[in-house]
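In this note's numbering, the protein residues as written are 229 to 819.
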Ligand code: ADP
């Protein structure tokens, strides 16, 4: 793919957050650059005065003045990078506090499709990897180049006053160094781009090998060695790509070093003649030689390193721009707006296929759901039940047909209202490592938590005895992520997820197989409890296990993305169709 011409995109820089620190660092860099030029005169003045004193065996009071000037420049040179380092630290902390939350907010606002797409995930993974450090690296590189520019201009001006063409020589050597640095920077960034999906994979494998949540499976299946091998292979592939870059980098560094040494030697040779003829004083010769070696050294290391950082920084800016341009779901961060009531939900000829796939997972699906009733969506795994829930809750909106809520197309509802209609417990609900109470609080950001209601629900789900044994009751930290945290069993986490869903004053409540780790009887029992507590709402229960379907007012049976049967339990059993066959197959689970 043809890549766009490289342009620095400083507009992406979050300078509003670190304006003061950046300005401080800029002043220090300019001061430090000017100081390095002043130092040439300070050193030369001091040496010449000292030599005259020794020559005449006469102490000259101006020696103190020259020495003070020299010490002043040395002090600025010493102090500036240290103060700058403190400012950088401060800037990074500010970015961590203000910029990272902005980025996380952006991630939360992304259209759902980007949460699933691998290229967007790679991009997000790249930009979220230490953005604070990256921004500061870029700024530091700009300042270092500015300082270098001031120093080069200063030293060249002094030299050009005596041997004009020596200054041209420095410039001549800068060009290949510059070209090599730009090329190196691009290769470096391309490498990190090429290896980013490998690193995402080996970080995941690292998680599988280390994490507590995979511990049981790791032990039982004994897959550690296999996963370890996969980890090593993935790492090896990334390592192979990185090695090539490192070889280039090493060659480039040696070449730059060689070029700079030649340049320095040539300049020194050109200064010998004017020094011998008395045009240049001994002091100036010594300080110029010192400055030239320092400068060429900085050019071989500093120039290439900083240009390399800038070129990579430029690519990072492009990534950042692409990240900020990822489409957002409108109003997704707004708090939910709860609706007072809804009467019915209608699916009319709904067809859907996942983006990037070529087959329909839902085909002409039509059904109606009424307030106050409960519905069971059943069917084997992969039949399309969860997709119905994803469409209904607005995760995907590019379906054909209509989804009407009280006669109004779902897509025309503002996101805040859409959110306010539903309360969902997903298959992969979150186990927040917060206290029980905090877990309940986040279910409804708009109202203060009713502790009375929370305790009542905990009682109904038989959680109270367990909570009372916690050291701090409802304020005990759950999960083993931090010291003092207590863990819940799989079933207890599921019950907590349901308590959360019930605390949210939504009119449509959905359970999408969150009970998978319970046995079928227990699952039915939990669904029964849930239904009892949701009499005034529209309830949708999803499962491939059918014991609970007896409780539903209406059962909708899915097969391959189509509705195969629909009706009450008795009617479907009498019909002796697909539902009957599936139910009979599972009957023994409930006896
Ligand atoms: P169920 O909930 O009945 O088990 P789903 O609605 O989850 O079924 O899945 C229906 C079909 O859609 C399956 O074939 C599944 O592989 C496919 N599918 C689910 N999610 C995605 C996705 N994000 N991208 C592509 N295909 C998907």
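C-beta: ideal position from N, C-alpha, C; glycine also.
Cβ distance (whole Å) where residue 492 is taken to contact residue 524 below 8 Å: 4 Å
Stretch-stretch touch, CB-based, cutoff 8 Å, three pairs: the segment 397-415 with the segment 569-578: no
Alpha helix (DSSP H) runs contained entirely in the segment 302-384, provided each spans 4 or more residues: 328-337, 340-344, 346-355
Residues near residue 508 by beta carbon distance below 6 Å, same chain, minus five either side: 390, 502
When 655, 463, 763 are compared against residue 599, the one with the closest alpha-carbon: 763
Boundaries (first-last residue) of the beta strand (DSSP E) holding residue 665: Element bounds for residue 665: not the beta strand (DSSP E) but the alpha helix (DSSP H), 664-669.
Sequence ranges, alpha helix (DSSP H) only - wholly within the segment 499-542, length at least 4: 510-526
With 16 other Cβ atoms within 10 Å as the buried cut-off, status of residue 317: exposed
CB of residue 750 within 7 Å of CB of residue 774, strictly: no
Distance, residue 254 Cα to residue 243 Cα: 13 Å
Distance, residue 735 Cα to residue 807 Cα: 28 Å
CA-to-CA distance, residue 361 to residue 319, given in whole angstroms: 9 Å
Buried versus exposed, by CB contacts within 10 Å (16 or more), residue 609: exposed
The ligand ADP site residues, beta-carbon cut 6 Å against heavy atoms: 344, 582, 585, 589, 607, 609, 610, 611, 612, 613, 614, 615
Those residues which DSSP pairs with residue 751 across a bridge: DSSP, once it has assigned bridges, lists no residue as partnering residue 751.
Separation of residue 659 from residue 729, as counted between CA atoms: 13 Å
Proximity winner among 520, 667, 335, 733, relative to residue 267 (alpha-carbon distances): 520
Ranges of the alpha helix (DSSP H) found wholly within the segment 552-607, counting only runs of at least 4: none
Under the three-state DSSP convention, the category residue 789 falls into: coil
Whole-Å CB distance - residue 731 paired with residue 682, under 8 Å assumed: 7 Å
Between the CA atoms of residue 767 and residue 602 - distance to the nearest angstrom: 5 Å
Between the CA atoms of residue 546 and residue 263 - distance to the nearest angstrom: 35 Å
Distance between residue 673 and residue 757 (C-alpha atoms, nearest Å): 25 Å
For residue 767, the first and last residue of its enclosing beta strand (DSSP E): 766-770
For residue 736, the three-state DSSP class (helix, strand or coil): strand
Residues that residue 794 bridges to, as DSSP identifies them: 784
DSSP three-state assignment for residue 232, whether helix, strand or coil: Residue confidence is low: residue 232 scores 45 on pLDDT, short of 50, so the model does not pin down where it sits. Its coordinate-derived value is still stated next. Three-state DSSP puts residue 232 in coil, outside helix and strand.
Spatial neighbours of residue 278 in its chain, beta-carbon cut-off 7 Å, leaving aside the 5 residues before and after: 291
Nearest-angstrom Cα separation, counted from residue 535 out to residue 464: 29 Å
Sheet register partners of residue 636 (DSSP bridge): 633
Chain-order list of residues whose beta-carbon lies under 6 Å from that of residue 528 (same chain, five-residue window excluded): 484, 485, 488
Close beta carbons around residue 526, own chain, < 7 Å, minus the five adjacent residues each side: 376
Sub-7 Å separation of residue 312 and residue 256 beta-carbons: yes
Three-way DSSP call (helix, strand, coil) for residue 653 in this model: strand
Buried versus exposed call for residue 564 [16 or more other C-beta atoms within 10 Å across all chains shown]: buried
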